[in-house]
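Under mature numbering (1 follows the signal peptide of the UniProt record, and there is no 0), residues -24 to -1, 1 to 965 are what the sequence shown spells out, in order. Written out below as structure tokens is the structure these notes cover.
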Amino acid sequence: MDCNPRSLLCILPLLLSCAVPVISVIYPPNEVNLLDSKASQGELGWISYPSHGWEEISGVDEHYTPIRTFQVCNVMEYSQNNWLRTNWIPRQSAQKIYVELKFTLRDCNSIPLVLGTCKETFNLLYLETDDDQGSRFQEHQFSKIDTIAADESFTQTDLGDRILKLNTEVREVGHMTKKGFYLAFQDVGACVALVSVRVYFKKCPYTVRNLASFPDTVPMDSQSLVEVKGSCVNHSKEEEPPRMYCSTEGEWLVPIGKCLCNPGYEERSSTCQMCRAGFYKSTLGNAECSKCPPHSFSHHEGSLHCGCEKNYFRAEGDPASMACTRPPSAPRNVISSINETSVILEWSWPEDAGGRRDVTFTVLCKRCRSSNGGSQRCEPCRSNVRFLPRATGLHNTTVTVGDLLAHTNYTFEIEAQNGVSSLAPKMRQYAAVTITTNQAAPSPVTVIRKEKTSRNSVSLSWQEPERPNGIILDYEIKYYEKEEQETSYTILRARGCNVTLSGLKPNTAYLLQIRARTAAGYGATSPSFQFETSPDSAFSISSESSQVVLIAISSAVAIILLTVLLYVLIGRFCCHSKSKHPDEKRLHFGNGHLRLPGIRTYVDPHTYEDPSQAVHEFAKELDASCIAIDKVVGAGEFGEVCSGRLKLPSKKEICVAIKTLKGGYTDKQRRDFLAEASIMGQFDHPNIIRLEGVVTRSKPVMIVTEYMENGSLDSFLRKHDAQFTGIQLVGMLRGIASGMKYLSDMGYVHRDLAARNILVNSNLVCKVSDFGLSRVLEDDPEAAYTTRGGKIPIRWTAPEAIAYRKFTSASDAWSYGIVLWEVMSYGERPYWEMSNQDVIKAVDEGYRLPPPMDCPATLYQLMLDCWQKERNNRPKFEQIVSILDKLIRNPGSLKITANTTSRPANLLLDRSSSEVPSMGTMGDWMDGMRTLPCKEAFSGVSYSSCDTLAKTSTEDLKKVGVSIVGPQKKIVSSLKALDSHTKNGPVPV
């Protein structure tokens, strides 16, 4: 039985008889409630005018929680004007508030005898005041926010089945300036129940990012972002001033700068906390505290470094992370080999190096004498005692000591030292050895004279050493060419103080050294003595030997001259040939590629051993201080996309787009992010997006490009549907084709050419963008068909690229045909709602997209040319540019549309025909429609004549189930043609 209209909302009391579990509702942290009718268990006390209008009752919400609600259902009377006003609501710090309404509403068609009096909407209004006005109420003071309509309405059947069809609507109100406000609900004749009312505003809640705290921030009532400066948490310091932007939606965006934990503190739970006992941290930064290295300790929290255990030390230059060490033990197994007045000392490495690798050795020499009492008295050796290679800082375990006194006792102390030996003088350990020298060797020869010189010999004499220390047995003479630097030398021995050196080279400088030998051995070597042999002298032509020499010299000169002449002639010929060769000069890149001068060639940045080298080779490094971020305009795969301004020194400030790399990125993500800049930086064309530079030496990492005011081409066209002339659209297409011709000439294959990747500036100039090699193709998971090689945008990709991953400029030409279709259809989705698998199958079987409404025949033919299955038959981009230029010069050719000219049939309509059939009757038209993607739409729909069918609108099509925009336009166009046919004869559809 039907419900009384006055109690039509009995659905609420009916539900009260059910079990009532209490479910707490948790609101987002960025929403602050000013009013929530659910929170009140008692009467709300709102004012109802007139009193028989809105009625307060007890009900339940969608979670079956008991709440207080208001309902009204005076649908039997005309001119209803029922008002419900809330209590005064303080707005706190909000400038823009949100009103969330949850309500049910009955369908007027389900209520008998109320046509004309029943409504299905109610009005939401508000009034700003600085104080509570109590029960005073005047309708004219309120301003309307919006008319509220239901998406879902209930019927009598729903009441019987206890089905609660709850509607939720949210409206914004602002900019508010007074201290508070009232909300009002005006009923003009609806049957409605107001289940709950929630009033709230949004804020960016308190948060900690990068060790900086950001307070609760209420966004301003505008489209710009609010910059908020953060404060470093306790025990941290700024590395770069921390700041974030608060959006109007109450979201924190684009964190910039960060804080670093003080020494002795580490980052834990977004705070800086003291290092635990046994750990330390010596530097400012966000690294974790380190465990104390071996032989060190820290007994207290917050240690900057760890102290060393007893008898262990840390040198001044040792890092805090290095283990504490100790001096080495003494060298072992010292062996001495005495040769008259010199000794060779050798020893073994210490058993314990003290835990260090910087062990060196020092040899201390002492001369010891016996005193009258029998004891020895030692003193340091004379300064003229020589150590080879030296006495201190030895890295090897051997040393030669020379120039000692004969028949003298010496003690040598060999000490091992390392970096901490100076810190522990009491732990010094050494090995000692005592020796006695034999007879002393002679002193060096100091005076050498040159007696006679010839071309091949020289005679020398010298004086006996000043201290022979015995009988001179002989002298050792060592000489070598000065240029050879002792790599090859000759040794002679002479009994007297003179010698003649023969077999020398003419006109050559020699160095000579002499040392004397006695029974005690060889003395010290004399200083180097230099002499030169005489040059070649003139010889007589009359002598037979001279004539032979002259002939030989003349022949050699002639051969040399002939060789030089031939070399010059051959060199000139080769140079002449090379100068005409196009490869004469090449430019070398850091990845080993060669580029010909004057010819731009694309270089894949992934071929560089170090990808960052490609970034700095092709992209300009910008200073982050020159960039100002205004607002966030979108989100990319790697981070936010912002708009802002770039001001370089001595240049005008320009608007730019900024892609940021979000925090916590990996090295691979950073390389992939910057790869797009490495690619974009190689291009210089008016129809390719221009790279302004990159920021890689500070955070966040950014890519900065020119700013395109109108955004992506697909959304721009959808926003301005049917607002451009054909010439304007062709001009946009010509720009895209010109940019793709440039990329093709450089050898670059785009792989993802689509209207979404074309950007439009304020002058309607289209520019190709999105050169990232690792990108999210679309939000729709259906948009990408995954193969073994990665993701492919199916609707835009050529068949051979889908099947075999054959990406070429020809596959880009196929994609250009899809872009051409997108432009002429004002941003429709290619293939509409067909699945990817259906698209692949249809295209493989020969199906091609039909022409968009009012599409010029020449442009549709260009689409079909781009969609040739054989890739070699597709036009080159150079040809596409030429075709579009001809259309621009002859705009009259754009007036012939594809709808009224002969063209290949839609293969989904007739796969065996290449001509478009004419529809003679409504039955023919209906048969044709049944094979469209929306063929089921007209099942069960009756039309009495072509005249009624021809008057069908897009709203009628929606009612019968044709919800896709493309088929809607196609059917409406066909209906117009059918209407024309009934009056003027058959017209192709």
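Beta carbons: idealized from backbone N, C-alpha and C, even for Gly. Values in this document were obtained by computation on a predicted structure and should not be read as measured data.
**Request:** Take the Cβ of residue 527 as the centre, count every other Cβ of all protein chains shown within 10 Å, and call the residue buried at 16 or more, exposed below.
**Result:** exposed
**Request:** Tell me where the beta strand (DSSP E) around residue 125 begins and ends.
**Result:** 119 to 125
**Asked** DSSP beta-bridge partners for residue 50?
**Response** Answer by DSSP bridge pairing: none, since residue 50 is not bridged.
**Prompt:** Within 7 Å: the Cβ of residue 818 and any heavy atom of the ligand SAH?
**Reply:** With respect to the ligand SAH, the structure shown offers nothing to examine, as it has no ligands at all.
**Request:** List the residues that DSSP assigns as beta-bridge partners of residue 150.
**Result:** 72
**Item:** C-alpha distance - residue 969 paired with residue 620, whole-angstrom precision
**Value:** The question about residue 969 has no answer here: the residues shown for the chain are numbered -24 through 965.
**Request:** Taking all protein chains shown into account, decide if residue 88 is buried (16 or more other Cβ within 10 angstroms of its Cβ) or exposed.
**Result:** exposed
**Prompt:** Using DSSP with H/G/I as helix, E/B as strand and the rest coil, what is residue 872?
**Reply:** coil
**Request:** Along the beta strand (DSSP E) that carries residue 387, what are the first and last residues, could you check?
**Result:** 385 to 393
**Request:** Would you kindly report the start and end of the unbroken alpha helix (DSSP H) that includes residue 780?
**Result:** 775 to 780
**Item:** the stretch 209 to 218 touching the stretch 228 to 244, judged by at least three CB pairs closer than 8 Å
**Value:** yes
**Request:** Just the C-alpha distance for residue 791 and residue 605, rounded to the nearest angstrom, thanks.
**Result:** 34 Å
**Message:** So, under 8 Å CB-CB, residue 870 and residue 711 are touching, yes? Tell me the CB distance rounded to an integer number of Å.
**Reply:** Contact doesn't hold; Cβ gap of about 17 Å is too wide.
**Asked** Looking at C-alpha atoms only, which residue of 727, 285, 739 is the closest neighbour of residue 746?
**Response** 727
**Asked** According to DSSP, is residue 443 helix, strand or coil?
**Response** coil
**Request:** With DSSP as the reference, please indicate the residues paired to residue 363 in a beta bridge.
**Result:** 377
**When 721, 61, 105 are compared against residue 159, the one with the closest alpha-carbon** = 61
**Collapsed DSSP secondary structure at residue 426 in the structure displayed** = strand
**Asked** Roughly how many whole angstroms lie between the Cα atoms of residue 684 and residue 633?
**Response** 8 Å
**Message:** With H, G and I counted as helix, E and B as strand and the rest as coil, what does DSSP make of residue 213?
**Reply:** strand
**Request:** Could you check how far apart the C-beta atoms of residue 491 and residue 502 are, in whole angstroms? I think they sit under 8 Å.
**Result:** 6 Å
**Item:** Sequence-distant residues of its chain with Cβ nearer than 6 Å to residue 521 (five each side left out)
**Value:** No answer about residue 521 holds up, because its pLDDT of 45 lies below 50 and its placement is not dependable.
**Message:** For the structure I just gave you, are there three or more beta carbon pairs, one from the stretch 685 to 695 and one from the stretch 732 to 744, closer than 8 Å?
**Reply:** yes
**Message:** Quick check: what's the CA-CA separation for residue 382 versus residue 319?
**Reply:** 12 Å
**Request:** Answer yes if the stretch 308 to 317 comes into contact with the stretch 353 to 365, meaning at least three C-beta pairs across the two stretches below 8 Å, and no otherwise.
**Result:** no
**Asked** Is residue 583 helix, strand or coil by DSSP?
**Response** helix
**Nearest-angstrom Cα separation, counted from residue 190 out to residue 175** = 25 Å
**Request:** Go through its chain and collect everything with a Cβ distance to residue 673's Cβ below 7 Å, but skip five positions before and after it.
**Result:** 597
**Message:** Please state the DSSP three-state secondary structure of residue 654.
**Reply:** helix
**Asked** At what residue ranges does the stretch 138 to 191 contain a whole run of the beta strand (DSSP E), taking only runs of 3 or more?
**Response** 143 to 150, 156 to 163, 168 to 178, 183 to 185, 188 to 190
**Request:** Between the Cα of residue 509 and those of 800, 482, 533, spot the shortest distance and give me the residue it belongs to.
**Result:** 482
**Prompt:** To which residues does DSSP link residue 621 through a beta bridge?
**Reply:** 604, 631
**Asked** Leaving out five residues before and five after residue 412 in sequence, what residues of the same chain have Cβ atoms less than 6 Å from its Cβ?
**Response** 385
**Message:** Measuring only the C-alpha atoms, how far is residue 813 from residue 848?
**Reply:** 25 Å
**Item:** Coarse secondary structure for residue 705, derived from DSSP in three states
**Value:** helix
**Request:** Just the C-alpha distance for residue 894 and residue 874, rounded to the nearest angstrom, thanks.
**Result:** The predicted position of residue 894 is uncertain, since its pLDDT is 39 and thus under 50; no value can be drawn from it.
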